[in-house]
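Asker: Residue numbers (this note's numbering): 1 to 168. Virtual Cβ for every residue (Gly too), placed ideally from N, Cα, C. Remember, predicted model here, so these are calculated numbers, not experimental data.
Next up, the structure:
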């Protein structure tokens with residue numbers, strides 16, 4: 001079952017973010033962590049045609065040329081000095097997608113995803129997709145609880161308009 005929650009919870013989901021949710025819903029039976037043990041690259045590969053229909057650039061492999069580079073720092077003559085990689089990026093550069101599997105919670109990969117999205121030039125929204133079931137644990141709810149605390153406490157202010165958490 002595809003689950004999702006947008007943060008902050010006081011804001012609604014935009015049309016563009018909703019379109020990404022629909023991509024996950026279209027392939028739900030092919031990526032469900034309840035009965036399949038796909039890695040994040042496999043999940044991204046299933047999502048690829050649907051995201052590309054929305055004109056997203058989607059990572060095609062692990063070599064430098066296959067990755068989606070999002071600028072972070074600029075140097076002389078506006079040359080990119082530093083960039084971070086994303087699994088997918090909207091055509092306008094405002095929505096970044098990260099698909100995680102086993103490392104989402106155990107290695108705190110979701111925290112790295114949040115940090116990197118906050119540093120990326122012109123990115124406004126982060127979509128993090130995680131397993132609903134990983135080795136009997138509910139990664140979606142673990143990250144949900146973290147994000148809920150982050151936004152309710154209001155002690156840390158992110159430069160993003162929002163984060164969508166998707167459980168697959």
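1) Quick check: the Cα distance between residue 102 and residue 149, rounded to an integer number of angstroms?
2) May I ask you to verify whether the region 93–101 touches the region 124–141, counting CB pairs closer than 8 Å and requiring at least 3?
3) Please report how far the alpha carbon of residue 48 lies from the alpha carbon of residue 124, in whole angstroms.
4) Give the single residue among 77, 157, 153, 130 whose Cα lies nearest to the Cα of residue 143.
5) Just how far apart, CA to CA, sit residue 72 and residue 39?
6) Going by the DSSP bridge assignment, what does residue 5 pair with across the sheet?
7) Which whole-angstrom value describes the C-beta separation of residue 9 and residue 140, a residue pair presumed to lie in contact below a C-beta threshold of 8 Å?
8) For residue 1, which of 163, 51, 16, 35 has the nearest alpha-carbon?
9) Which two residues bound the contiguous alpha helix (DSSP H) that contains residue 196?
10) Return the CA-CA distance between residue 33 and residue 152, expressed in angstroms with no decimal places.
11) Mind checking whether residue 84 and residue 109 have CB atoms under 8 Å apart?
12) Taking just the CA atoms, how far does residue 66 sit from residue 60?
13) Taking 8 Å as the threshold, find out whether the region 12–21 comes into contact with the region 153–166 through three or more Cβ pairs.
14) For residue 114 versus residue 86, is the C-beta distance shorter than 8 Å?
Answerer: The answer reads as follows:
1) 22 Å
2) yes
3) 21 Å
4) 130
5) 27 Å
6) 165
7) The pair is not a contact, with the Cβ atoms about 15 Å apart (cut-off 8 Å).
8) 35
9) A query on residue 196 cannot be resolved here, the shown segment of the chain reaching from 1 to 168 and no further.
10) 29 Å
11) no
12) 5 Å
13) yes
14) no
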